[in-house]
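**Q**
Number of protein chains: 2
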Amino acid sequence: MIQPEILCQSPIFRGISPDELQELFRQIHYQVKSYQKNDLITIAGEVCDRLLIIQEGSVKAEMNDYSGKTIKIEDMSAPWPLATAFLFGKENRFPVTVSATSDVVMVSIPKPEFVKLLQLNSLILNNYLNTISTRAQFLSQKLKFLSFKTIRQKIAHYLLEKAGERLQTVEVPQSQKQLAEMFGVTRPSLARTLGEMVQEGLIETQRRAIKILDKAKMNQLLKG
Amino acid sequence: MIQPEILCQSPIFRGISPDELQELFRQIHYQVKSYQKNDLITIAGEVCDRLLIIQEGSVKAEMNDYSGKTIKIEDMSAPWPLATAFLFGKENRFPVTVSATSDVVMVSIPKPEFVKLLQLNSLILNNYLNTISTRAQFLSQKLKFLSFKTIRQKIAHYLLEKAGERLQTVEVPQSQKQLAEMFGVTRPSLARTLGEMVQEGLIETQRRAIKILDKAKMNQLLKG
DNA sequence: TTTGAAATGTATCAAATGTTACAAACAGTG
DNA sequence: CACTGTTTGTAACATTTGATACATTTCAAA
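Those protein sequence lines, which keep their order, are chains Y and V.
Quick note: the first sequence uses the numbering used here, first residue -18, plus one each step.
Quick note: the second sequence uses the numbering used here, first residue -18, plus one each step.
#1: If we count Cβ pairs, one from each stretch, closer than 8 Å, do we get three or more for the stretch 34 to 44 of chain V versus the stretch 75 to 86 of chain Y?
#2: What does the Cβ neighbour count give for residue 118 (chain V), buried or exposed, with the cut at 16 atoms within 10 Å?
#3: Could you name the residues of chain V that residue 90 (chain Y) contacts, counting a contact when the two beta carbons are closer than 7 Å?
#4: List the residues of chain Y that residue 123 (chain V) touches, going by C-beta distances under 7 Å, in chain order.
#5: If you draw a straight line from the alpha carbon of residue 190 (chain V) to that of residue 145 (chain V), how long is it in whole angstroms?
#6: For residue 78 (chain V), tell me which candidate among V:173, V:-18, V:200, V:54 has the shortest Cα-Cα distance.
#7: Let me check one thing: in DSSP terms, what residues is residue 190 (chain Y) bridge-paired to?
#8: Where does residue 84 (chain Y) fall in DSSP's three states?
#9: Just by C-beta distance, which residues in the stretch 103 to 115 of chain V are closer than 9 Å to chain Y?
#10: Count the other C-beta atoms from every protein chain shown that fall within 10 angstroms of the C-beta of residue 135 (chain V), then say buried if there are 16 or more, exposed otherwise.
#11: Starting from the N-terminal side, write out each stretch of the alpha helix (DSSP H) that is 4 residues or longer and does not extend beyond the stretch -14 to 18 of chain V.
#12: Would you mind giving the Cβ-Cβ distance between residue 80 (chain Y) and residue 96 (chain V), rounded to the nearest angstrom? I have them listed as a contact below 8 Å.
#13: For residue -12 (chain V) versus residue 76 (chain V), is the C-beta spacing smaller than 8 Å?
#14: According to DSSP, is residue 96 (chain Y) part of a helix, a strand, or is it coil?
#15: Under the assumption that residue 89 (chain Y) contacts residue 14 (chain Y) (Cβ atoms under 8 Å), give the Cβ distance between them as a whole number of angstroms.
#16: Considering residue 215 (chain V), what are the terminal residues of the alpha helix (DSSP H) in which it resides?
#17: Taking Cβ-Cβ distances below 9 Å as the criterion, which residues of the stretch 63 to 84 of chain Y are in contact with chain V?
#18: Using the beta-carbon count (16 or more within 10 Å), is residue 211 (chain V) buried or exposed?
#19: Quick check: what's the CA-CA separation for residue 149 (chain V) versus residue 130 (chain V)?
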């Protein structure tokens, strides 16, 4: 049995009232499945032809590398939808193996039924489009970030992005260690490069605050 | 005036007959705008509240860096849709400035009208969902690829991906130069690393064919 | 076959970054 | 205050890659 009060908090059904959701679900076919802890929910490579939403409990996603070993990717819990980017698109297979990390109840909506749902209710349609679009935007941003090769460029991009048009002083909310991880570099390398940039008069650092002294030169770095 | 024969070749209207498309467009509001060469079509930062489809001619997308200089991003021509990932999602602004590189006719469909279209016709809905999902998958793949740091890892990942479970010999359809570009490294560096891997007995190369000799060690490389 | 352009293999050197290690500065706690 | 763990600055050295140059091979057109 579905629980509309929970499902309507899912990003896909956000804004729908529980009653309305109940009514919508009456118009489509779907399944509610229970899993016990450690049960497999999807297997990597399996065709993804239905939308899965966690109604209760939590799951983990793991990926198999080429030798068959598993690497943990992500944890998710109710009321989150699974693999929204793989229901449509060219590659219709789950990229990950999902298994229950607690007792779990999943709502499973076959793709054609979900399409029906999208056409019945424009809010759901908008929500779903927003979900995958936001994901695409997020990935695009991340990709742009990785496209900067040198550490200097990454720092410059990060600071200019944060600073925007106006401010010159940027509050860095992360430790150097976290920042380095985000940049995909080691902590000492980041510190060294920051140090060099200070010496060259590009920036000033004070603990968590970084002041941009020469915006023009910083921009220059990103051209390369 | 829209030209259904052209528009139905757009990824969004693929599979729709020209007549059907004509009929669908009768049910919504839209605009057809003409631009002359070098006219601005969208400006980076502008709110993206309508779907734009090139009906005639070609455009270029440019991005402003922080200092205001422009960098060319992409060329597109009829019948391609613009910025499909930015019509929905959190960030509803064009990331790029688009200008005409020839005389151009654009079809402009306001977002609410496009949503109507999606609800009227499930093929269009599927097409659009496929478009953005495929894009998300593409970005995701690319990101995964970039997550491998060393050239050895990139080669290993590429080869194991291509080889799958079965084959040991991989046909490389690209030249070293193209491959290097795809990996984001220089051509001599790629050749050097390939050479090293041959010497270590990991692979054998014969022109465009690469034979994987030691899958276990290749996998090892990806663990890091 | 000859020829020339493109693709490939290889070498050398410089630059960027990783690795490791350690010291100094800071923040919280008893 | 003294103590302790975390964050930050810095150094020495190793590794990886980029840049550049040039020789060799391949392949297709004349």
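For every residue, glycine included, the Cβ atom is placed at its ideal position computed from N, Cα and C.
**A** On the basis of the data shown:
#1: These segments do not touch.
#2: buried
#3: The premise fails here: residue 90 (chain Y) is roughly 14 Å from chain V at the closest Cβ pair, so nothing lies under 7 Å.
#4: What residue 123 (chain V) touches in chain Y: 124.
#5: 15 Å
#6: V:54
#7: Y:152, Y:187
#8: coil
#9: Residues passing the 9 Å Cβ filter: 103, 106, 107, 109, 110, 111, 112, 113, 114, 115.
#10: buried
#11: -1 to 7
#12: So it is not a contact: roughly 37 Å between Cβ atoms.
#13: Taking a C-beta distance under 8 Å as the contact criterion, residue -12 (chain V) and residue 76 (chain V) do not qualify as a contact pair.
#14: helix
#15: Between residue 14 (chain Y) and residue 89 (chain Y) the Cβ distance is about 6 Å, and since that is below 8 Å, they are a contact.
#16: Not covered by the structure: residue 215 (chain V). The range shown for chain V is -18 to 205.
#17: 65, 66, 67, 68, 69, 70, 71, 72, 76
#18: The question about residue 211 (chain V) has no answer, for chain V in this structure spans -18 to 205.
#19: 24 Å
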